[in-house]
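Residues 3 to 269 in our numbering are what the sequence shown spells out, letter by letter.
Cβ coordinates follow ideal geometry from the N, Cα and C atoms, glycine included.
These notes are about the structure you will find just below.
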Amino acid sequence: MPSIRVLGHAFRAWRRNKRWAKHEPETPYLADLLAGSPICLHVGASDGRHAYVVTQVAPRAKIHAFEPSAFTFEVLKVCLAWHGIAGQVKLIHAAVSDKAGELLLVTPKKTSGRMGRAFAYVASEAPTGQVRPDLEDSGVEIQPTPVVTLDGYCESVGLKRVDFIRMDIEGGEQKALKGAVRLIDRDRPHIQIEIHPVMLESRFGGTAEGVLDFFLSRGYRMFSLNADRLEERSTLDNDLPWKDYFFVHPSRAPELPDGVFKARMAA
Numbered sequence: 003m004p005s006i007r008v009l010g011h012a013f014r015a016w017r018r019n020k021r022w023a024k025h026e027p028e029t030p031y032l033a034d035l036l037a038g039s040p041i042c043l044h045v046g047a048s049d050g051r052h053a054y055v056v057t058q059v060a061p062r063a064k065i066h067a068f069e070p071s072a073f074t075f076e077v078l079k080v081c082l083a084w085h086g087i088a089g090q091v092k093l094i095h096a097a098v099s100d101k102a103g104e105l106l107l108v109t110p111k112k113t114s115g116r117m118g119r120a121f122a123y124v125a126s127e128a129p130t131g132q133v134r135p136d137l138e139d140s141g142v143e144i145q146p147t148p149v150v151t152l153d154g155y156c157e158s159v160g161l162k163r164v165d166f167i168r169m170d171i172e173g174g175e176q177k178a179l180k181g182a183v184r185l186i187d188r189d190r191p192h193i194q195i196e197i198h199p200v201m202l203e204s205r206f207g208g209t210a211e212g213v214l215d216f217f218l219s220r221g222y223r224m225f226s227l228n229a230d231r232l233e234e235r236s237t238l239d240n241d242l243p244w245k246d247y248f249f250v251h252p253s254r255a256p257e258l259p260d261g262v263f264k265a266r267m268a269a
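Take a look at the structure:
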């Protein structure tokens with residue numbers, strides 16, 4: 003039986019989703035990206051808000067959701083069950099990186115006293131001093147978490163096609179992509195990824211430009227929101243601590259549903 007804390011968090015997430023409230027501004031564009039029966043990898047699944055949206059815009063979608071936090075993983079299970087979509091979502095309690103094994107999940111405690119679970123990231127050792135360079139904190143929670151690579155996971159479960167990847171892992175994106183090279187080169191999936199320039203450099207030894215080069219060198223085209231308008235671009239907005247970007251490969255453009263991405267890709 004889930005704890006009262008888990009049930010409380012799950013209820014708030016379930017209610018917010020049913021009201022379509024507090025979603026990120028990029029969320030409505032998933033309807034212009036997904037159709038049919040897409041196979042989706044949701045890396046950093048949180049409480050399931052994006053998994054819920056995917057099943058609403060593509061009701062036959064199958065989702066593999068990765069969540070490293072033990073607490074959030076329990077919230078995720080309850081929330082998906084209440085939404086009636088647990089059968090469409092395979093849950094994996096793990097972080098995603100470039101090597102399988104085990105890492106530490108570092109969760110900052112916000113100055114309000116609440117746990118900043120949305121700001122958690124993986125590390126090989128506990129940080130000293132400030133938990134994140136882009137966030138004031140009042141402490142930290144550390145817990146071990148299993149780690150998988152996306153290539154290794156897909157091979158282990160026999161996943162022969164991936165259509166969409168949604169990734170939000172607080173600076174770990176370059177390493178996660180390194181562990182997904184084979185499936186990305188094989189399938190050219192659509193990708194929505196939150197890129198964290200400061201965290202990439204300060205905690206993961208990477209760069210935002212390295213993430214961009216990963217996609218552009220493979221022929222992907224990049225899109226992001228400018229105010230309320232989706233625009234194609236070739237450079238990142240490094241003045242922001244994080245930002246969501248869409249990457250679409252021309253070889254998958256014919257499969258896009260009618261909408262803004264299909265129109266942009268045809269331009």
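| query | result |
| --- | --- |
| So which of 189, 266, 267 has the shortest CA-CA distance to residue 42? | 189 |
| With 16 other CB atoms within 10 Å as the buried threshold, where does residue 169 fall? | buried |
| In this structure, does DSSP put residue 34 in helix, strand or coil? | helix |
| Do you know whose CA, among 159, 113, 155, lies nearest residue 137's CA? | 113 |
| Suppose contacts are defined by Cβ-Cβ distances below 8 Å. Is residue 8 in contact with residue 91 by that definition? | no |
| On the CB-based measure, 16 or more other CB atoms within 10 Å of its CB, does residue 60 come out buried or exposed? | buried |
| What span of residues does the beta strand (DSSP E) with residue 113 cover, start to end? | Element bounds for residue 113: n/a, residue is neither H nor E. |
| In the DSSP assignment, what residue or residues form a beta bridge with residue 169? | 45, 195 |
| Under the three-state reduction of DSSP, which class applies to residue 149: helix, strand or coil? | strand |
| Count the other CB atoms, across all protein chains shown, that sit within 10 Å of the CB of residue 57; report buried if there are 16 or more and exposed otherwise. | buried |
| Going along the chain, which residues of its own chain have a beta-carbon closer than 7 Å to the beta-carbon of residue 232, five neighbours each way excluded? | 31, 225, 262 |
| Taking 8 Å as the threshold (C-beta atoms), are residue 104 and residue 148 in contact? | yes |
| Can you tell me which residues form a DSSP beta bridge with residue 123? | 108 |
| Alpha carbon to alpha carbon, what distance is there between residue 47 and residue 144? | 19 Å |
| Less than 6 Å between C-beta atoms, sequence neighbours within five positions excluded: which residues of the same chain meet that for residue 180? | 100 |
| Residues in the same chain with beta-carbon distance under 8 Å from residue 93, minus the five sequence neighbours each way, listed in chain order, please. | 47, 67, 69, 75, 78, 79, 82 |
| Does the beta-carbon of residue 253 have 16 or more other beta-carbons within 10 angstroms, so that it is buried, or is it exposed? | exposed |
| For residue 222, which of helix, strand or coil comes out of DSSP? | coil |
| What residue range does the alpha helix (DSSP H) around residue 67 cover? | Not the alpha helix (DSSP H): residue 67 falls in the beta strand (DSSP E), residues 64-68. |
| For residue 228, which of helix, strand or coil comes out of DSSP? | strand |
| Between 108, 242, 251, 134, which has its C-alpha nearest residue 196's C-alpha? | 242 |
| Buried or exposed, going by whether 16 or more other CB atoms sit within 10 Å of the CB of residue 157? | exposed |
| Does residue 30 come within less than 8 Å of chain C when only Cβ atoms are used? | The question asks about chain C, but that chain is absent: this structure has only one protein chain. |
| Would you tell me roughly how many angstroms separate the C-alpha atoms of residue 18 and residue 119, rounded to the nearest one? | 17 Å |
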